[in-house]
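One structure below.
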Amino acid sequence: MTTSEQASTVLQGTPVVPGLACAPALLVRGEISPEALARFGTGDFDDAEAALAAYDDAVTAVADGFARRAERASGAAAEVLTASAGLARDKGLRGAVRTRLRAGDPLLGALDGAVEQFSGVFTQMGGLMAERVTDLEDIGRRLTARLVGEPEPGVPVPEVPSVLVAADLAPADTAGLDPQRVVALVTERGGATSHTAIIARQFGIPCVVGVGGALEVAAGALLLVDGSTGTIEVDPDPEQAQARVERDLADRAVVGAWSGPAATADGVPVKLLANVADGSSARDAAGAPVDGVGLFRTELCFLDRSEEPTVDEQAAVYAEVLNAFSGRGPVVVRTLDAGSDKPIAFATHEGEENPALGVRGLRLSFDNPGLLDRQVAAIAQAAEETGTETWIMAPMVATVAEAEDFAGRVRAHGLRAGIMIEIPSAALIADRMLEVVDFLSLGTNDLTQYTMAADRMATDLTHLTDAWQPAVLQLVSQTAAAGQAAGKPVGVCGESAADPMLACAMVGMGVTSLSMAGAAVRPVGVALGGVSLETCREAARAALDSRDPMAARTAVREVLDRGRDAG
Ligand SMILES: C=C(OP(=O)(O)O)C(=O)O
0 MTTSEQASTV LQGTPVVPGL ACAPALLVRG EISPEALARF GTGDFDDAEA
50 ALAAYDDAVT AVADGFARRA ERASGAAAEV LTASAGLARD KGLRGAVRTR
100 LRAGDPLLGA LDGAVEQFSG VFTQMGGLMA ERVTDLEDIG RRLTARLVGE
150 PEPGVPVPEV PSVLVAADLA PADTAGLDPQ RVVALVTERG GATSHTAIIA
200 RQFGIPCVVG VGGALEVAAG ALLLVDGSTG TIEVDPDPEQ AQARVERDLA
250 DRAVVGAWSG PAATADGVPV KLLANVADGS SARDAAGAPV DGVGLFRTEL
300 CFLDRSEEPT VDEQAAVYAE VLNAFSGRGP VVVRTLDAGS DKPIAFATHE
350 GEENPALGVR GLRLSFDNPG LLDRQVAAIA QAAEETGTET WIMAPMVATV
400 AEAEDFAGRV RAHGLRAGIM IEIPSAALIA DRMLEVVDFL SLGTNDLTQY
450 TMAADRMATD LTHLTDAWQP AVLQLVSQTA AAGQAAGKPV GVCGESAADP
500 MLACAMVGMG VTSLSMAGAA VRPVGVALGG VSLETCREAA RAALDSRDPM
550 AARTAVREVL DRGRDAG
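Every letter in the sequence shown is one number past the one before it in numbering that gives the first Met the number 0, and letter 83, counting from 1, is 82.
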């Protein structure tokens, strides 16, 4: 052991964006100085209206700041910043502040109370709305800072390339990052689907979340972040670390040049597909080396609609996506996965005790079959107009009867019908599901949530909501085997498809396509091209035999490294 090895400590978290980076730690604490808060006290206002006017000024400053940063950003970052500007100006939040001021609360107390009240509501709604709590709390801190005359807390602009280390990053913080200056992200909380992970993926910088004790590292300590293994080496040997980063950069150059189509080293083709949300994201994804779309999340087109769009309106929205992949299908369109983490005003059932287990996805059609029939008709109309090969699948299917009923409605339009496998019951009877549908698509985000009984958005359960959990992999394997036996396609469209090592193992289990964000396609294509199908099968066995996610990752890495060396 060298001296430097003796000195280095290794922290472990959940890897979400692969890649190696080495730089000093920049700690983000985001607190407002207690002295400034004490100086401000209850504020010096004549009455509640004067205090409300001060609140309005602070809101304008904070929201304008977000809007200015949105103008300089693009893609997901710009969207997140624009959404934050809207949330800062929210009339409901202002109303809650006003009510408290009129009841005699001091301004900072009224603001805290209102933020707490709305955070409670968002948390109760769960899913994506619960994710907005971090956003709201960030806005609360920024408003407080403005009111007491301090700079808005947030991520300091690094003077040298740095690893950003934080408890959790507010969406507005991550959206404004400069990837030249921030070379990796490490957070104590957050999961694979958190905003931190999404933005890191967009920037292509390594990211590890759920790292206990991350904020205890010394400010400025050298960190070697491995976004593939989830390890953070504190004070590594600088020369060795630099050499590893350079090797990784060379590997990444190979990845950047990959242009498809995907196949294992011995030539077995694997379809790599894109996950899209609307026409614009489909046009972006069409620039990636993909063979089509494996998941079009239609509900995301209608999050802002209070009333159900007509069949013609829907067909126009769907045609935008189908046109982007004209002649390059199939495009797999998922019917509305409304409810739970994706509440849609015209479809979601209000007031459910436990929306993730409630009337969501296909279940919305139980008492409103017209909603499903109109959507299927609109998709069929768009398919006809564009001539793009179109398949339709349903989310949240639990029984064969549900699958059969759905398939009947889709096939009436002459289109292929499939279902998502995201409930353990569906995976366990995948063979019987395949008797009534044409294809299956594993939604490993929800499959993991339901298998592990752990909310996919719960930031303190990320060790459970990990698709590498052997129990989840058993269900993936069983589903893929059913597909192989029936000779029907089984894809994966959850986040796990974007993990190059897991992608190889899942192909070894018999999965025939992998659908992911366009930015994730090349690393997966390169990983598959480096190993034979037999190595993928061996990786699958190694993963399935492991007792926990970390052991599974290690075992699969060893098998794939051996397979690459042998090839
Ligand atoms: C792809 C999936 O669906 P969602 O849109 O819910 O992430 C999944 O659950 O894996």
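Even for Gly, the Cβ is constructed at its ideal location relative to N, Cα and C.
Determine the extent of the alpha helix (DSSP H) in which residue i is found, giving its start and end residues.
i           : result
residue 47  : 47–71
residue 438 : No alpha helix (DSSP H) contains residue 438, which is instead part of the beta strand (DSSP E) from 438–441.
residue 33  : 33–39
residue 532 : 532–544
residue 318 : 310–323
residue 214 : Run containing residue 214: none; DSSP gives neither H nor E here.
residue 43  : No alpha helix (DSSP H) holds residue 43; DSSP gives it neither H nor E.
residue 403 : 399–410
residue 586 : With the chain covering 0 to 566 only, the question about residue 586 has no answer from this structure.
residue 156 : Taken as a continuous stretch (DSSP letters only), residue 156 belongs to no alpha helix (DSSP H), as it is neither H nor E.
residue 522 : 520–528
residue 469 : 469–485
residue 424 : 423–427
residue 507 : 499–508
May I ask which residues mark the beginning and end of the beta strand (DSSP E) holding residue i?
i           : result
residue 514 : 512–515
residue 417 : 415–420
residue 274 : 270–275
residue 373 : Residue 373 -> not in any beta strand (DSSP E); alpha helix (DSSP H) instead, spanning 368–385.
residue 491 : 489–491
residue 392 : 389–393
residue 553 : Element bounds for residue 553: not the beta strand (DSSP E) but the alpha helix (DSSP H), 548–565.
residue 19  : 19–27
residue 287 : From DSSP, residue 287 is part of no beta strand (DSSP E); its letter is neither H nor E.
residue 258 : Note, residue 258: premise wrong, no beta strand (DSSP E); not H, not E.
residue 186 : 181–186
Among all the DSSP beta bridges, which residues are the ones paired with residue i?
i           : result
residue 232 : 9, 223
residue 14  : 207
residue 341 : 338
residue 295 : 275, 332
residue 107 : DSSP lists no partner for residue 107.
residue 464 : Looking at the DSSP assignment, residue 464 forms no beta bridge with any residue, so it has no partner.
residue 163 : 25, 184
Tell me, to the nearest whole angstrom, how far the beta carbon of residue i is from that of residue j; I am working on the premise that it is less than 8 Å.
i           : j           : result
residue 390 : residue 356 : In fact, because the Cβ distance is near 27 Å, the residues do not count as touching under 8 Å.
residue 187 : residue 169 : Residue 187 to residue 169, Cβ: 14 Å. No contact.
residue 100 : residue 47  : 4 Å
residue 417 : residue 437 : 6 Å
residue 154 : residue 172 : 5 Å
residue 439 : residue 464 : Rounded, the Cβ-Cβ distance is 22 Å, inconsistent with contact.
residue 200 : residue 502 : Not confirmed; about 15 Å, so no contact.
residue 442 : residue 428 : Actually they do not touch by this definition, with Cβ atoms about 16 Å apart.
residue 500 : residue 446 : Their Cβ separation, rounded to whole angstroms, is 18 Å, which puts residue 500 and residue 446 out of contact at 8 Å.
residue 205 : residue 240 : Wrong, their Cβ atoms sit about 13 Å apart, outside the cutoff.
residue 490 : residue 512 : 4 Å
residue 244 : residue 526 : Not really, about 19 Å apart at Cβ, beyond 8 Å.
Handout entry: Meets three-Cβ-pair contact criterion under 8 Å: the segment 217–229 and the segment 41–48
Key = no
Exercise for the section: Considering only heavy atoms of ligand 1, list every residue whose Cβ is less than 6 Å from one of them, following chain order. Expected result: 294, 296, 336, 421, 442, 443, 444, 445, 492, 493
Handout entry: At least 3 beta-carbon pairs within less than 8 Å: the segment 518–537 vs the segment 469–484
Key = no
Practice task
Count the C-beta pairs between the segment 500–512 and the segment 536–548 that are closer than 8 Å, then say yes if the count reaches three, no if not.
Solution key: yes
Handout entry: the segment 432–439 contacting the segment 482–496, beta-carbon criterion three pairs below 8 Å
Key = yes
Exercise for the section: Could you tell me whether the segment 319–331 touches the segment 360–367, using the rule of 3 or more Cβ pairs below 8 Å? Expected result: no
Practice task
State whether the segment 278–291 contacts the segment 307–326, with contact taken as three or more CB pairs (one from each stretch) at a distance under 8 Å.
Solution key: yes
Exercise for the section: Inspect the CB distances between the segment 372–387 and the segment 296–314 and report whether three or more fall short of 8 Å. Expected result: yes
Practice task
Spell out a yes or no on whether the segment 305–314 and the segment 261–271 are touching, meaning 3 or more CB-CB pairs, one atom from each, closer than 8 Å.
Solution key: no
Problem - contact_flag[the segment 15–27, the segment 47–57] where n(CB pairs < 8 Å) is 3 or more - result: no
Problem - Inter-stretch contact at 8 Å, needing at least 3 Cβ pairs: the segment 246–264 / the segment 307–316 - result: no
Practice task
Decide if the segment 550–561 is in contact with the segment 239–248; the criterion is three or more beta carbon pairs, one per stretch, under 8 Å apart.
Solution key: no
Practice task
Tell me, please, whether the segment 133–151 touches the segment 51–68 by the rule of three or more beta-carbon pairs shorter than 8 Å.
Solution key: yes
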